[in-house]
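Q: Taken in order, these protein sequences are the chains called A and B. Take the first sequence: its letters are residues 64 to 372, numbered as in our numbering. Take the second sequence: its letters are residues 48 to 187, numbered as in our numbering. Before I ask anything, here is the structure I am working with.
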Amino acid sequence: MTQDPHTMNRRQLIRHTAWFGAAVGLAVAGGEVISHVAGSASAEHAQSRPTLRFAQVSDSHIGFTGGANPDVTKTFDHAIDQINNLGYTPDFVIHTGDLTHLSSPDQFDQVKQMLSGLRTPHVFTVPGEHDSVDDAGQKYRSAFGAGTRGDGWYSFDIAGVHVIALVNTLNLKKLGHLGIDQLEFVKKDVAGLSSDTPIIVFSHIPLFAMYPDWGWGTDDATQALSQLSRFSSVTCLNGHVHQLFSKTEGNVTFYSGTTTAYPLPHPGDGPAPKPVTLPAGKLGDALGIREVSYTKGQTALALKEQRLL
Amino acid sequence: MKLKEFLLRLGLAASLAVSGASHAYLYVHGYQHIPTIGTAFLIQASVAFALAVLILAGGPWWLEWAAAATAGGSLVAFVLSRTVGLFGFTERGWDPSPHAAITVIAEVLCVLLWAGALFGSRRAQVSKIIVPEPLGVYER
Numbered sequence: 064m065t066q067d068p069h070t071m072n073r074r075q076l077i078r079h080t081a082w083f084g085a086a087v088g089l090a091v092a093g094g095e096v097i098s099h100v101a102g103s104a105s106a107e108h109a110q111s112r113p114t115l116r117f118a119q120v121s122d123s124h125i126g127f128t129g130g131a132n133p134d135v136t137k138t139f140d141h142a143i144d145q146i147n148n149l150g151y152t153p154d155f156v157i158h159t160g161d162l163t164h165l166s167s168p169d170q171f172d173q174v175k176q177m178l179s180g181l182r183t184p185h186v187f188t189v190p191g192e193h194d195s196v197d198d199a200g201q202k203y204r205s206a207f208g209a210g211t212r213g214d215g216w217y218s219f220d221i222a223g224v225h226v227i228a229l230v231n232t233l234n235l236k237k238l239g240h241l242g243i244d245q246l247e248f249v250k251k252d253v254a255g256l257s258s259d260t261p262i263i264v265f266s267h268i269p270l271f272a273m274y275p276d277w278g279w280g281t282d283d284a285t286q287a288l289s290q291l292s293r294f295s296s297v298t299c300l301n302g303h304v305h306q307l308f309s310k311t312e313g314n315v316t317f318y319s320g321t322t323t324a325y326p327l328p329h330p331g332d333g334p335a336p337k338p339v340t341l342p343a344g345k346l347g348d349a350l351g352i353r354e355v356s357y358t359k360g361q362t363a364l365a366l367k368e369q370r371l372l
Numbered sequence: 048m049k050l051k052e053f054l055l056r057l058g059l060a061a062s063l064a065v066s067g068a069s070h071a072y073l074y075v076h077g078y079q080h081i082p083t084i085g086t087a088f089l090i091q092a093s094v095a096f097a098l099a100v101l102i103l104a105g106g107p108w109w110l111e112w113a114a115a116a117t118a119g120g121s122l123v124a125f126v127l128s129r130t131v132g133l134f135g136f137t138e139r140g141w142d143p144s145p146h147a148a149i150t151v152i153a154e155v156l157c158v159l160l161w162a163g164a165l166f167g168s169r170r171a172q173v174s175k176i177i178v179p180e181p182l183g184v185y186e187r
C-alpha cells in the first residue's frame, strides 16, 4: 500500500498543531500586553475617575405614531431609566435634537417633563428639524432656549473642556445649514481659547457629509470647522441619522448617535430616509444611549454605546 | 537557497512587525475607544506580532499564508474605511499620518513577498519534475 503524498502523518500533525498552539498563545499574550500598555497609558492620566462624564440621547420624536415604534414615549422612558442607572451621576446629559416629532406645544411639554426625570445636574439640548417644523424654532426656544444666543446656539466650559452647541436645522430648504451669524459666533467663541483645550461640538445634523442627498450633512460646516483646526482634540457629536457612525478628518472626530424612537435606513439604502419597521423584538437593538468620558491629558474621548435594554 | 529562505522569512516578519506596531500604537493612542475598530486593531496587532515571531523562528509554510491573509485583510479594511466605511467608521486619505502610509507600505510588501515566494516555489517544483524514460529505451 502506498501513502498519498498529500496526507499528513501523526508526527507532522502534532508538529503543526504545536505551531498553531504557539501562534494562538503568542497572539493572546501579545493582545494582553498591548491592552495592558493601553490601560496603563489611560491610568496615568486618570486619577480616580474621568475628568468629565456625560450621556448623549437623541431623536426621541415624542409624538411619533407608526409601525416602526408604536410607543416612542415608552422607549424614551427606558432610555432615561438607563441613564439614571449608569452607576454614577453624569456631569450632564445632552439631547441632540428631534425631541418632538411635530413641534406641538403638548409634545414639548411632555418631553420637557420627561427630561426633568434625568438624575444629572444639567440637561442640554439642540433642536432638530422636527422641533422647528412650522415656526423656525420659536416653540423650541420657548421651552429650551433659556440662556442661549441667536437662534438657540450656545457654549459653555466644564472640567476644562469647551462645549459648543450648534443649530443647523432652522433652514429647512438647506438642511443642514449654520448661517453667517452662527459662523461668526463660533469664530469669536473660540478666539480666546488655548489650542490644547479639548473641544466638543453638539449639533443635530452631522457636521460632515454623511449623505447630503438626504440632508445628512451641513453645507457650511467646513467654515465652522476651519475655526477649530488649531485645536488638538475636537469631537463632534450629532443625531439625526438614527444610527451609529464615526469618521475622522484630521484633528476632528465625528460620531453620529442612534435614536430612542425608530431606525432609519443606511445612507442611500432606498429612495428616502423613512422609518424602518424591524421584526418583532429587534427594535431595542437599533435604539440606544451613549456614554462619553474625557480624561485630562488624553486627546480622544472614550465612547461607550449601549443598546436600549 | 538557505539564505534566500532566511531573507524571505526576515522580510515577512519585519513587514508584519511594522504593521502590528503601527496598529498597536494607534490602539494605545485613541483607537481603543472606537467601537469595533478598536478591538479589530488590537487583534490585528497581536496576530501580526505572533506570526512575525513564529515565521522568524522557522515555522511551517502555512504561517506565510496566514501572514499574507493578515496583511491582505488589513489592506482591504483600509480601502473600505476610505470608501464605503467599515463598521460605521470612515477615515480620509492618509490620516492618521504617518501611520497609515507606513502600514500600507509594510502590508503591500508582505503580500508581495508571499506572492513572490509562492510563485518561486511553484516554478522550482515544475523544474524538478523528472520525466522517466520508458523502460528499455537505452537498450535499443
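Note that the Cβ used here is the ideal one computed from N, Cα and C, for glycine as well.
Check whether the region 176-192 of chain A and the region 229-241 of chain A are in contact - that is, three or more C-beta pairs closer than 8 Å.
A: yes
Q: Any contact of the region 166-185 of chain A with the region 238-252 of chain A, i.e. 3+ C-beta pairs under 8 Å?
A: no
Q: CA-CA distance, Ala284/A and Thr80/A?
A: 55 Å
Q: Against Thr362/A, what residues of chain B qualify as contacts under a CB-to-CB distance less than 9 Å, listed in chain order?
A: His76 and Gly77
Q: Just curious, the alpha helix (DSSP H) that Lys137/A is in, first and last residue?
A: Val135 to Asn147
Q: Taking a contact to mean a Cβ-Cβ separation below 8 Å, would you say Leu327/A touches Pro334/A in this structure?
A: At a Cβ-Cβ threshold of 8 Å, Leu327/A and Pro334/A do not count as neighbours.
Q: Would you mind listing the alpha helix (DSSP H) stretches within the region 240-293 of chain A that are 4+ residues and don't spill past its ends, in chain order?
A: 243-254 and 284-289
Q: For Phe53/B, is the classification buried or exposed, using 16 other Cβ atoms within 10 angstroms of its Cβ as the cut-off for buried?
A: exposed
Q: Step through the CB atoms of chain B and report whether any lies within less than 8 Å of the CB of Leu82/A.
A: The residue you asked about is not Leu; residue 82/A is Trp in the sequence shown. Taking Cβ atoms only, chain B reaches closer than 8 Å to Trp82/A, which makes this a yes.
Q: Taking C-beta to C-beta, are Leu162/A and Ser205/A nearer than 8 Å?
A: no
Q: Below 8 Å between beta carbons: does that hold for Cys157/B and Ala115/B?
A: yes
Q: Using only the alpha-carbon positions, how far apart do Ala60/B and Phe127/A sit?
A: 57 Å
Q: Whether or not the region 301-310 of chain A and the region 91-99 of chain A are in contact is what I'm after, with contact meaning three or more pairs of Cβ atoms, one per stretch, closer than 8 Å; do they touch?
A: No, the region 91-99 of chain A does not touch the region 301-310 of chain A.
Q: Across which residues does DSSP place Ser319/A in a beta bridge pair?
A: Asn301/A and Phe308/A
Q: Can you give the beta carbon distance from Val174/A to Ile125/A, rounded, assuming they're within the 8 Å contact cut?
A: Rounded, the Cβ-Cβ distance is 5 Å, consistent with contact.
Q: Quick check on Arg187/B: buried or exposed, where buried means 16 or more other Cβ atoms within 10 Å of its Cβ?
A: Because the pLDDT of Arg187/B is 45, which lies under 50, any placement of that residue in the model is unreliable, and the number read from its coordinates should be weighed accordingly. Burial call: exposed.
Q: Give the straight-line distance between the Cα atoms of Glu354/A and Phe117/A, rounded to the nearest whole angstrom.
A: 6 Å
Q: For the beta strand (DSSP E) containing Thr188/A, name the first residue and the last one.
A: Val186 to Thr188
Q: With distance defined between alpha-carbon atoms, name the residue in Lys49/B, Leu50/B and Leu57/B nearest to Leu160/B.
A: Leu57/B
Q: Quick check: what's the CA-CA separation for Phe422/A versus Asp276/A?
A: What is shown of chain A runs 64 to 372, which leaves residue 422/A out entirely.
Q: Could you check the C-alpha separation between Trp141/B and Phe155/A for me, to the nearest Å?
A: 36 Å
Q: Quick one: what does DSSP say Gln369/A is sitting in, helix, strand or coil?
A: strand
Q: Report yes if the CB atom of Gly77/B is closer than 8 Å to the CB atom of Ala363/A, and no otherwise.
A: yes
Q: Looking at C-alpha atoms only, which residue of Leu89/A, Gly150/A and Thr136/A is the closest neighbour of Ala104/B?
A: Leu89/A
Q: Determine the closest residue to Ala86/A out of Ser121/B, Thr137/B and Ala92/B, with distance taken between C-alpha atoms.
A: Ala92/B
Q: Can you pull out the residues from the region 307-325 of chain A whose beta carbon lies closer than 7 Å to at least one beta carbon of chain B?
A: Leu307, Phe308, Ser309, Lys310, Thr311, Glu312 and Gly313
Q: Here's the rule: buried if 16 or more other CB atoms are within 10 angstroms of the residue's CB, otherwise exposed. What is Thr65/A?
A: Because the pLDDT of Thr65/A is 43, which lies under 50, any placement of that residue in the model is unreliable, and the number read from its coordinates should be weighed accordingly. With fewer than 16 Cβ atoms within 10 Å of its Cβ, Thr65/A is classed as exposed.
Q: Residues of chain A with CB under 9 Å from Phe136/B, in chain order?
A: When 9 Å is used as the limit between beta carbons, Phe136/B is near these residues of chain A: Phe308, Ser309, Lys310 and Thr311, in chain order.
Q: Pull up the DSSP beta-bridge partners for Glu52/B, would you.
A: Beta-bridge annotation (DSSP): Glu52/B is not paired with any residue.
Q: Which residue comes first and which comes last in the alpha helix (DSSP H) that contains Gln79/B?
A: Neither: Gln79/B is in no alpha helix (DSSP H) and is coded neither H nor E.
Q: For the beta strand (DSSP E) containing Gly351/A, list its first residue and its last residue.
A: Gly351 to Tyr357
Q: Nearest chain B C-beta to Ala349/A closer than 8 Å, yes or no?
A: no
Q: Grab me the residues of Phe308/A's own chain with a C-beta within less than 7 Å of its C-beta, minus the 5 sequence neighbours each way, in chain order.
A: If you ignore the 5 residues before and after Phe308/A, its C-beta comes within less than 7 Å of the C-beta of Met273 and Ser319, all in its own chain and listed in chain order.
Q: Figure out for me which residue from Ala343/A, Gln290/A, Leu366/A and Leu165/A has the closest Cα to the Cα of Ala199/A.
A: Leu165/A
Q: Do you know whose CA, among Pro133/A, Thr281/A, Leu256/A and Pro113/A, lies nearest Gln290/A's CA?
A: Minimum Cα distance to Gln290/A is reached at Leu256/A.
Q: So that I know if they touch, is there some Cβ in chain B lying closer than 8 Å to that of Ser98/A?
A: yes
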